[in-house]
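Participant:
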Amino acid sequence: MSHQPDASDALPPLVHARKATWFELFFDLVFVVAVAQLSGHYAHHFDAVGAAGSALLLMAMWWCWLGHTFHATRFDQQRADQRRLGLAQILAVCVIAYGVSDAFGERAAGFALGMAAFKALLVVAYLAERRWRGAQGLIRAYGGLYGLQALLWAVSAALPPMPRLALWGLALALDMASPWWVARYTAAVPPHPEHLPERFGLFTIILLGEGMASVVHALDHGPALHGTAVAAALLGAALAFLTWLGYFEVTRAHDERVVDGAAGGRQLRRWAYGHVPIYLGVFCLAAGTVALAGDAPWTPAQWLLFVSGVALIPLGLALLRRAR
80 MSHQPDASDA LPPLVHARKA TWFELFFDLV FVVAVAQLSG HYAHHFDAVG
130 AAGSALLLMA MWWCWLGHTF HATRFDQQRA DQRRLGLAQI LAVCVIAYGV
180 SDAFGERAAG FALGMAAFKA LLVVAYLAER RWRGAQGLIR AYGGLYGLQA
230 LLWAVSAALP PMPRLALWGL ALALDMASPW WVARYTAAVP PHPEHLPERF
280 GLFTIILLGE GMASVVHALD HGPALHGTAV AAALLGAALA FLTWLGYFEV
330 TRAHDERVVD GAAGGRQLRR WAYGHVPIYL GVFCLAAGTV ALAGDAPWTP
380 AQWLLFVSGV ALIPLGLALL RRAR
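Take 80 as the starting number for the sequence shown in the numbering used here and just add one per residue.
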């Protein structure tokens, strides 16, 4: 007989051999759109300023995805209330995707309000799990963090560009620091050892998918097919293939990860942060593939940006290998 959880349980029961649900795959699709929106903007602003802005926006969106994923890997039981919250989060990401294509311009308020709504919904999601006695500390830590971030994002929508950017940077800094903020609870309320690596692998696929979409966009970048577009497409495809092989076949970053005590928590954080350079590198590859297919020859600065961006991928793979 399967265990029926109730309010007296300390933590949700562990489901062995757990995989991503159909709802999570549906949830991921809206992030595909958001990533594509940002990649298209970056491809048309392929310079140092565009790279810095796109990196900030990509990391902010990824941490929304992470917020949902880390909640789901610990608490998701496919309850009706969880699904309703998930649908509301999808709508918030739609607003984010609308705003991210011009997040530093006329759509800044839309992007900020979408982020604020998503963070506020994460607060609601954690408060809905107060029944689990063993997770009270984690719930308070994440609830407080996401509540503060929701406030920062909401306030930023009404501010001029420079103060707005400062609040965005602060909100992202809180995201980046959050694994240490909740570190004391990681071993007691661990993420699922099979589900979490699979989810990270699926976000890697989202970005690699954008890389392959950029191959098509490169070929379709002008009124007629030309040699530069073909060369850009072949380069982008080859680098995307190598990244897939490095992540899934060589490093096997999606393999099971068991958190065993404080040392296991530290290894988990190293593994999670190892994805940052990979994601930034693949995103640079995707946008750069389209930009390279354009009619205007690249400047040395653009070549340096592309090469240094793509070089982040093997750096990230090396970090993941050390975190095994």
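Every residue, glycine too, gets a C-beta built ideally from N, C-alpha and C.
Could you tell me the boundaries of the alpha helix (DSSP H) in which Q161 lies?
Facilitator: Residues A159 to V179.
Participant: Residues in its own chain within less than 6 Å of A402 by CB, not counting five upstream and five downstream?
Facilitator: Q346, R349, W350 and G353
Participant: P92: which of R210, Q116, V355 and T148 sits nearest, CA to CA?
Facilitator: Nearest of R210, Q116, V355 and T148 to P92, Cα basis: R210.
Participant: Looking only at its chain, what residues have a beta carbon closer than 8 Å to the beta carbon of V114, apart from the 5 residues adjacent to it on each side?
Facilitator: L137, M140, I285, L286, E289 and F362
Participant: Is it buried or exposed for A127, if we count other Cβ within 10 angstroms and need 16 for buried?
Facilitator: exposed
Participant: Check whether the Cβ atoms of A266 and G146 lie closer than 8 Å to each other.
Facilitator: no
Participant: In terms of residues, what are the limits of the alpha helix (DSSP H) holding H120?
Facilitator: W101 to A122
Participant: Since V179 and F190 are thought to touch, with beta carbons under 8 Å apart, how far apart are those beta carbons, to the nearest angstrom?
Facilitator: Their Cβ separation, rounded to whole angstroms, is 6 Å, which keeps V179 and F190 in contact under 8 Å.
Participant: Would you mind reading off the limits of the alpha helix (DSSP H) that contains H453?
Facilitator: Coverage of the chain is limited to positions 80 through 403, which leaves residue 453 absent and any answer about it impossible.
Participant: For E185, which of helix, strand or coil comes out of DSSP?
Facilitator: Reduced to three states, the DSSP call for E185 is coil.
Participant: Could you pull out every residue in the same chain whose Cβ sits closer than 8 Å to the Cβ of L384, ignoring the five residues on either side in sequence?
Facilitator: F125, D126, A127, A130, C363 and G367
Participant: Starting from the Cα of F183, find the closest Cα among F110, I392, H120 and H333 and give me that residue.
Facilitator: H120
Participant: Would you kindly work out how many angstroms separate the C-alpha atoms of M194 and W232, rounded to a whole number?
Facilitator: 6 Å
Participant: Identify, in the order they occur along the chain, each residue of the same chain with its Cβ nearer than 7 Å to the Cβ of W260, setting aside the five sequence neighbours on each side.
Facilitator: Counting only Cβ-Cβ distances below 7 Å, and skipping sequence neighbours, we find A220 and L224.
Participant: Could you tell me whether the region 311-329 touches the region 289-298, using the rule of 3 or more Cβ pairs below 8 Å?
Facilitator: yes
Participant: Is the distance from the Cβ of G360 to the Cβ of L398 below 8 Å?
Facilitator: no
Participant: Closest to G280 by C-alpha separation, out of V94, G325 and V389, would be which residue?
Facilitator: G325
Participant: If you measure between the beta carbons of L253 and L246, is that distance less than 8 Å?
Facilitator: no
Participant: Just checking my contact of G164 with L108 at CB under 8 Å: how many whole Å lie between their CB atoms?
Facilitator: The sequence given here has Leu at residue 164, not Gly. Wrong, their Cβ atoms sit about 17 Å apart, outside the cutoff.
Participant: Starting from the C-beta of V234, find all residues in its chain whose C-beta is less than 7 Å away, skip the five residues before and the five after it, and write them out in chain order.
Facilitator: L246
Participant: Among H150, G248, L249 and P240, which residue has its Cα nearest to the Cα of V202?
Facilitator: H150
Participant: Thinking C-beta only, is R336 closer than 8 Å to L275?
Facilitator: yes
Participant: For a minimum of 4 consecutive residues, which ranges assigned as the alpha helix (DSSP H) are wholly contained in the region 294-351?
Facilitator: 306-323
Participant: Please report the residue range of the alpha helix (DSSP H) in which R219 lies.
Facilitator: Q215 to S235
Participant: Helix, strand or coil: how does DSSP classify F125 here?
Facilitator: In the structure shown, F125 sits in coil (DSSP, three-state: anything other than H, G, I, E or B).
Participant: Hey, L90 and G216 are a contact pair by Cβ (cut 8 Å); roughly how many whole angstroms apart?
Facilitator: Not a contact, Cβ separation roughly 12 Å.
Participant: By Cβ distance, which residues of its chain are closer than 7 Å to Y264, with the 5 residues on each side in sequence left out?
Facilitator: G216, L217 and A220
Participant: If we count the other Cβ atoms within 10 Å of its Cβ and call it buried at 16 or more, is D374 buried or exposed?
Facilitator: It counts as exposed.
Participant: Which same chain residues, not among the five before or five after E277, have their C-beta less than 8 Å away from its C-beta?
Facilitator: Cβ within range, chain order: K98, A99 and H333.
Participant: What is the rounded straight-line gap between the Cα of C173 and the Cα of A187?
Facilitator: 14 Å
Participant: In whole angstroms, give me the CA-to-CA distance for A317 and W323.
Facilitator: 10 Å
Participant: Based on Cα-Cα distance, which residue from Q161, P376 and L135 lies nearest to G248?
Facilitator: Checked all of Q161, P376 and L135; the closest Cα to G248 is L135.
Participant: Are the beta-carbon atoms of V338 and P270 separated by less than 8 Å?
Facilitator: yes
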